[in-house]
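Take a look at the structure below.
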Ligand SMILES: C[S@@+](CC[C@H](N)C(=O)[O-])C[C@H]1O[C@@H](n2cnc3c(N)ncnc32)[C@H](O)[C@@H]1O
Ligand SMILES: [Zn+2]
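Numbering (the numbering used here), first residue to last: 264 to 642.
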C-alpha cells in the first residue's frame, strides 16, 4: 500500500503496475480529474445541506475529498458504501488518516449498492462511479433521488457506447451507436438518454447540467425535476443523428424513415440513436465553475473547462474533424484550427473547438459551407 495526496486528501491505496479491478480495493489516479470536477461542480451549484451518497465508494477518496474540500454549508450527511469488505476497512482508515472523526453526519456501510440506496430515505446527490456500465444501479438511484437532486453518472464501457460493440450498446443502452469521427459524442448522448429513460418511468426529468467525454470514460451530472410535463418536454429532445461516411454530411432528425440517402453525395447514410439532442451543459453553472477555478494552479483543468465553456455556446450536435473533412472532400490542405474558427465566425456562424476530439470543431455551419470556406482559405 502507498499513501497518495489527491486534492486536500491523503489516501492509502493499493498499487500495482496497471490499474485493475482485481486490486484488493480499486483506485485509479487518472480519475482525479473526474473527482476534481465533481468537487468543483458541487461547490458551484446552488445547493446546500446535501445528503450525499457514494454507493460505490472504493477507497473513499471522493467522500474524503468532499469532507475536506466542499464548503461547510454543502454537506448535511455523507454515506459511503461498498460491497467489498476491504474497501469499507480502507474508507474508515482513510477518514482517520485525514483526521475526520466519525459522527452522525458520516455513515459507512458494506452492502450491495442497490440495497444501500433503497434502504435509505433518499439523497440530494448520488454519485454512481462503477466499473464499466452504471446500469445496474440506475433504477434505485433514480427512485431515491430527491426533488431537484443531482445524479452523477460515470460510464467506462465506451467500447459499447461508441460502437465497437454495436449489439452491446443496443442491448444495454437501447440506442444504436455509430462508429464515426464523433462517436464519443453520440456515445455520451446515448448514455444520457438511457439514464433519462430510467427517470421518465417515475415522472422524473433528468436534464444534463455538465457532461464530458475523456479518454476511457463518460461523465454526466443530471438535475432532477419531478413532473409529467417536464418529462414530456424532455422527451422531445430524444432523436437521431444521420451521417454519411462518404462525404461526412450529418443532420439531426425526429425519425429515421426516409433518411437513408445522403442529400449531398447520394451514398447510403447510417444513423445513431435514439439519443439526447438537448443541452449537455447548464451555461450558468459552467460560468460559475469557470469563475471558481480561475485562480487554480491546475492549468490543465482550467483549460479543459474553458474549452467546454466556449463549446457550450453552440447547440449543434456532432462536430467536424477538420482533417477528415479535407480528406473526404479531396481539399488541398488542413487549415489551422484557430484560423478556421475565425473564418467561420466571420462568415456569420458560431464555432469553437470541442473538448471531445483534438483538431475538431463544433459549429453551426453546414458541411457544404464549411467546404467552401476551407477552399477559400486554401487558395
Ligand atoms: C470504479 S470503483 C469506484 C471508485 C470510486 N468511486 C473512486 O472515486 O475512487 C467501483 C467500486 O464499486 C464496488 N462495487 C461493485 N459492484 C458493487 C455492488 N453491486 N454494490 C456495491 N459496491 C459495488 C467495487 O467494490 C468498487 O470498489
Ligand atoms: Zn454524402
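A virtual CB, placed ideally from N, CA and C, is assigned to each residue, including glycine.
9 Å Cβ cutoff met for residue i and residue j
{"i": "residue 265", "j": "residue 282", "result": "no"}
{"i": "residue 340", "j": "residue 291", "result": "no"}
{"i": "residue 637", "j": "residue 614", "result": "no"}
{"i": "residue 320", "j": "residue 345", "result": "yes"}
{"i": "residue 293", "j": "residue 444", "result": "no"}
{"i": "residue 392", "j": "residue 306", "result": "no"}
{"i": "residue 474", "j": "residue 484", "result": "yes"}
{"i": "residue 221", "j": "residue 436", "result": "In the structure displayed, the chain extends from 264 to 642; residue 221 sits before or after that span and is not available."}
{"i": "residue 481", "j": "residue 580", "result": "no"}
{"i": "residue 416", "j": "residue 464", "result": "no"}
Other residues of its chain near residue i: CB distance less than 7 Å, five sequence neighbours each side excluded
{"i": "residue 361", "result": "272, 273, 327 and 331"}
{"i": "residue 618", "result": "475, 567, 570, 571 and 574"}
{"i": "residue 583", "result": "623, 624, 626 and 633"}
Residue i Cβ short of 8 Å to ligand 2 heavy atom set
{"i": "residue 510", "result": "yes"}
{"i": "residue 529", "result": "yes"}
{"i": "residue 507", "result": "yes"}
{"i": "residue 425", "result": "no"}
{"i": "residue 553", "result": "no"}
Neighbourhood of residue i by C-beta, 8 Å cutoff - its chain only, sequence neighbours within 5 removed
{"i": "residue 576", "result": "546, 613 and 615"}
{"i": "residue 333", "result": "302, 305 and 306"}
From the options, residue whose alpha carbon lies closest to that of residue i
{"i": "residue 459", "options": "442, 303, 433 and 401", "result": "401"}
{"i": "residue 486", "options": "418, 523, 390 and 534", "result": "390"}
{"i": "residue 268", "options": "432, 312, 325 and 425", "result": "325"}
{"i": "residue 549", "options": "535, 597, 565 and 625", "result": "565"}
{"i": "residue 467", "options": "446, 496, 351 and 397", "result": "496"}
{"i": "residue 541", "options": "374, 531, 494 and 578", "result": "578"}
{"i": "residue 411", "options": "438, 314, 335 and 299", "result": "314"}
{"i": "residue 308", "options": "556, 552, 367 and 490", "result": "552"}
{"i": "residue 447", "options": "439, 424 and 514", "result": "424"}
{"i": "residue 557", "options": "295, 303, 270 and 275", "result": "303"}
{"i": "residue 489", "options": "422, 507, 600 and 407", "result": "407"}
{"i": "residue 301", "options": "620, 600, 585 and 555", "result": "555"}
{"i": "residue 256", "options": "316, 430, 599 and 433", "result": "Residue 256 lies beyond the stretch modelled for the chain, which goes from 264 to 642, so this question has no answer here."}
{"i": "residue 381", "options": "403, 299, 275 and 398", "result": "403"}
Sequence-distant residues of its chain with Cβ nearer than 6 Å to residue i (five each side left out)
{"i": "residue 527", "result": "510 and 512"}
{"i": "residue 350", "result": "288 and 321"}
{"i": "residue 472", "result": "484, 486, 545 and 548"}
{"i": "residue 561", "result": "none"}
{"i": "residue 462", "result": "405 and 469"}
Any non-hydrogen atom of ligand 1 closer than 8 Å to residue i Cβ
{"i": "residue 294", "result": "yes"}
{"i": "residue 481", "result": "no"}
{"i": "residue 567", "result": "no"}
{"i": "residue 273", "result": "no"}
{"i": "residue 407", "result": "no"}
Closer than 9 Å to chain C by CB, residue i
{"i": "residue 329", "result": "The chain inventory of the structure shown lacks chain C, comprising one protein chain alone."}
What residue ranges within the segment 389-450 form continuous alpha helix (DSSP H) runs of no fewer than 4 residues, ordered along the chain? Runs of the alpha helix (DSSP H) lying entirely within the segment 389-450 and spanning at least 4 residues, in chain order: 398-406, 421-424 and 429-436.
Where are the beta strand (DSSP E) runs, 3 residues long or more, that stay fully inside the segment 448-491, in chain order? 467-477 and 480-489
To test your reading of the DSSP string, which unbroken beta strand (DSSP E) runs of 3 or more residues are found completely within the segment 352-389? 369-372
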